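Chains as they are written, first to last, in our numbering: chain A, 1 to 481; chain B, 482 to 972; chain C, 973 to 1072.
Where is the CB? At the ideal position from N, CA and C, for every residue including glycine.
The structure displayed is predicted, hence computed values, not measured ones.
Written out below as structure tokens is the structure these notes cover.
Take a look at the structure:
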């Protein structure tokens, strides 16, 4: 049952939110042992929320557009009084004294949060294998990774544990796992959704977005969580998108661009698999068939994205993660002095990937290297913004693969960080430019696993990504291979 | 970060008298002031001194995971006001992160400004005309406070420390001077002048003892006449203007000792030990200074419009230097007395009294000598002028005038009414004369000494007779009238 | 291109970041960080001259909050999360050295 169907049934009194909840909790109970989508299932808190929704309906009040819809929250969203770990030992047991803005907004819309989902520690990874609490398995094939870092949320939606889920996307962490798990995942324009209460990985890149089984469900969730927040200085004022209202507009007359460098054309990046490229081409063809015009576009700096990202993100992370020092909350490992206690706590609390990125970021910012690395990377962002702006003068949206391959086997890429990092090559540019992007399932690969196609739009083009994704979704359903 | 360019001494360069001949002192000052806002820099917690520990804290100022800063508009306005009062350019500015670990800093980075500060390139003109250049005055957040328990409260001997984050995130402006100061007196005068500007503009209450104004001194020395800049040390923990002088002198002598004994100071931060009267090495050596500054991605640039800056200029209250000049011109009193009146903020009262017709110099003298009180807000210019007139006309004795001034401070109102209700009336000359005659009759020996040739005796006996009259009249006699009578009788 | 990251660099960076690395980790990170930075050579080699850096995709400036007090957190709730608390404060081992 879709999120919108559940909400309609609960709002009309046809179904009770508590019954919906019990049904989903039972599925989690039965299936999550194999998948490990959740770090924590908050059944009691969820029941209270569901009862409140039912009480509102009984009173004749409208509990909101997501009434009674169970949602999964990535475990880097702060939830008051409920453990929030970032899948890190350094935060194990920490109960935030406040709720993230998205959590507050979802609750106000009647959604019922059922638990906190697994992620790569501090959202650093592309497979959800970098979790202190063990990996999440892909519900489509338990031997495969679900992608990451929002792998737990992607798996929860793919396994039908929850119709909706919340993820965060710093370099592709919503879109890539959505692609791997065969669901819809969307990264909004930077600033469209408040980051207040999202535990920061890389502040200038992080953005919260929805996961769902359908474009319409994802749009409904996006509409609830988007909008200005006075607690986030980077949130966009006076921006209140309504993606649900544009889904049936079609793509007739729309100009669609294909980025040559991310589609197997000249100067293309390495590692894009043939069947992923084939599905992407079919998606473009489907848009053309629906009335869009198609044009190949060159964005040379798109290939620099990976390098820029792996300087900017670790640099900001090295600073954002300094606060885990054993003084105020989280893990403390005793030592004779505060300095030694800081070091001992951090050394014991962080996993290898987090340490690697803190090291990389600290180095990139350190005296003598700033200009060569971090400073340069910020200028590359400017170059990319210019080149994408030029591209968007010619076309309305861009279409690329979401990830170079389908979901890969657990353990395959953990030894060599670079092979893991290249997973993000197609998703990273829009984090660096702050533009919106959506991944929508479009057919399967030779291995039978889902392929995701990505639709990108300029800043504030969030509605447009849903509009185009809706056409792709219909095309995929019509001619599913 | 300070641009430590300084020119060689010229004939006009002041010389610090307390140092050995041939040495020149070079001082730059970094002054942190807490802005007088209701809330902290990035959150709505109260900016309040003296609260119970950890009661003014929230996710943001505690640096909790997921929290975000939002800039306090008043803090920026106050910072720009201060910048303009210091003659600075107000620039487009951005916040930056200064990364280092310290337990009283909740995020383990300080949000401050680095290469794009709000205010740059200003100056402070001291009372004697000496100019101290201002390199920058930038916005940043304060840290929390640690108490060191055990080991006599000293940081390096403590058993453990307790951290209170009430102060964390309180808005600060750091005012960085150029290394222009050459004497201890100028260093002190600079701090006093800044304090006057901070109070006049309402930017800060500038209390050194409460830590809302904190002064660090960058001290170095060089052979007189040289243009070189030698290794400097930054002296922290200076808690008063007096300590500032002592700390600079101690540190300068320490440097001179090292240089003259084939040594050299290390460039470091040092701690002023008030009791011991010395500076000690501050930080542990293992800490590397690499702050990895980068632009704060959670905040957006500050871009004041020309209109905003113009509005700040238009609303700028008169600053101490201009007020001193005005009172000096209006009163003709000496510069140091005028300086005291302006420092106390009594120049408005002085000007009002002068305008109401009081003798200008007397106004300044009376204020300096008799109005060293915290709250004089009830005293009005006209009343103060009238009081001075009554005293000059002999309608009130000096003692009575002081009592009436006390009444004005407490209740305000009109001095003539206070005089009447206290029963102070000018004593009849005849009455006073008969009292004097009686005294002379009662004290022939003293009178003989008064009329004798010994000037010393005469003075002493004048005091004696005046004292007796005052005693007899309970202080209501006019001292001048008594002196006149005594002079008449002895001639 | 700058010289490849050394073991000494890695040790220095670990100290700045307050991480303690084993010999094996130092070895591993020296290699891995070297590889990543080598990949970044395409950026390092770029002539970006007068291009302004970007830290936010939208030209947002002057975002303020009015200077009004809002309630603070409950102290007990906050200190309840502290590894060690005493007398309403956070307790830490001795601090060596002053704040920079």
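Where the alpha helix (DSSP H) containing residue i begins and where it ends
| i | result |
| --- | --- |
| residue 138 of chain A | Element bounds for residue 138 of chain A: n/a, residue is neither H nor E. |
| residue 871 of chain B | 862-873 |
| residue 273 of chain A | Run containing residue 273 of chain A: none; DSSP gives neither H nor E here. |
| residue 669 of chain B | 665-682 |
| residue 227 of chain A | Premise fails: residue 227 of chain A is in no alpha helix (DSSP H) and is neither H nor E. |
| residue 931 of chain B | 925-932 |
| residue 961 of chain B | 960-971 |
Per-residue burial, residue i [other beta carbons within 10 Å of its own, 16 or more giving buried]
| i | result |
| --- | --- |
| residue 942 of chain B | buried |
| residue 788 of chain B | exposed |
| residue 867 of chain B | buried |
| residue 703 of chain B | buried |
| residue 961 of chain B | exposed |
| residue 136 of chain A | buried |
| residue 766 of chain B | Annotation note: pLDDT 48 at residue 766 of chain B (below 50); position unreliable, coordinate value reported separately. Residue 766 of chain B is exposed by the Cβ-count criterion. |
| residue 355 of chain A | buried |
| residue 878 of chain B | buried |
CB contact flag (residue i, residue j, <9 Å)
| i | j | result |
| --- | --- | --- |
| residue 21 of chain A | residue 41 of chain A | no |
| residue 74 of chain A | residue 189 of chain A | no |
| residue 296 of chain A | residue 258 of chain A | yes |
| residue 985 of chain C | residue 363 of chain A | yes |
| residue 417 of chain A | residue 1008 of chain C | yes |
| residue 225 of chain A | residue 425 of chain A | no |
| residue 170 of chain A | residue 194 of chain A | no |
Test: residue i CB closer than 9 Å to a CB of chain A
| i | result |
| --- | --- |
| residue 1058 of chain C | no |
| residue 999 of chain C | no |
| residue 1069 of chain C | yes |
| residue 555 of chain B | no |
| residue 530 of chain B | no |
| residue 551 of chain B | yes |
Beta carbon proximity, residue i to chain B, threshold 9 Å
| i | result |
| --- | --- |
| residue 1063 of chain C | yes |
| residue 262 of chain A | no |
| residue 174 of chain A | no |
| residue 197 of chain A | yes |
Residue i, enclosing beta strand (DSSP E) - first and last residue
| i | result |
| --- | --- |
| residue 461 of chain A | No beta strand (DSSP E) contains residue 461 of chain A, which DSSP labels as neither H nor E. |
| residue 750 of chain B | 749-754 |
| residue 19 of chain A | Here residue 19 of chain A belongs to no beta strand (DSSP E); instead the alpha helix (DSSP H) covers 17-35. |
| residue 717 of chain B | 714-719 |
| residue 949 of chain B | Taken as a continuous stretch (DSSP letters only), residue 949 of chain B belongs to no beta strand (DSSP E), being part of the alpha helix (DSSP H) at 936-954. |
| residue 582 of chain B | Looking at the DSSP string, residue 582 of chain B is not in any beta strand (DSSP E), and its letter there is neither H nor E. |
Cβ of residue i within 9 Å of any chain C Cβ
| i | result |
| --- | --- |
| residue 582 of chain B | yes |
| residue 637 of chain B | yes |
| residue 95 of chain A | yes |
| residue 560 of chain B | no |
| residue 418 of chain A | yes |
| residue 138 of chain A | no |
| residue 714 of chain B | no |
As assigned by DSSP and simplified to three states, the class of residue i
| i | result |
| --- | --- |
| residue 186 of chain A | strand |
| residue 396 of chain A | coil |
| residue 78 of chain A | coil |
| residue 736 of chain B | helix |
| residue 166 of chain A | strand |
| residue 601 of chain B | strand |
| residue 172 of chain A | coil |
| residue 557 of chain B | helix |
| residue 1022 of chain C | coil |
| residue 353 of chain A | helix |
| residue 506 of chain B | strand |
| residue 621 of chain B | strand |
| residue 359 of chain A | helix |
According to a CB-to-CB cut-off of less than 8 Å, which residues of the stretch 1014-1047 of chain C neighbour chain E? Structure shown: chain E not included; protein chains present are A, B and C.
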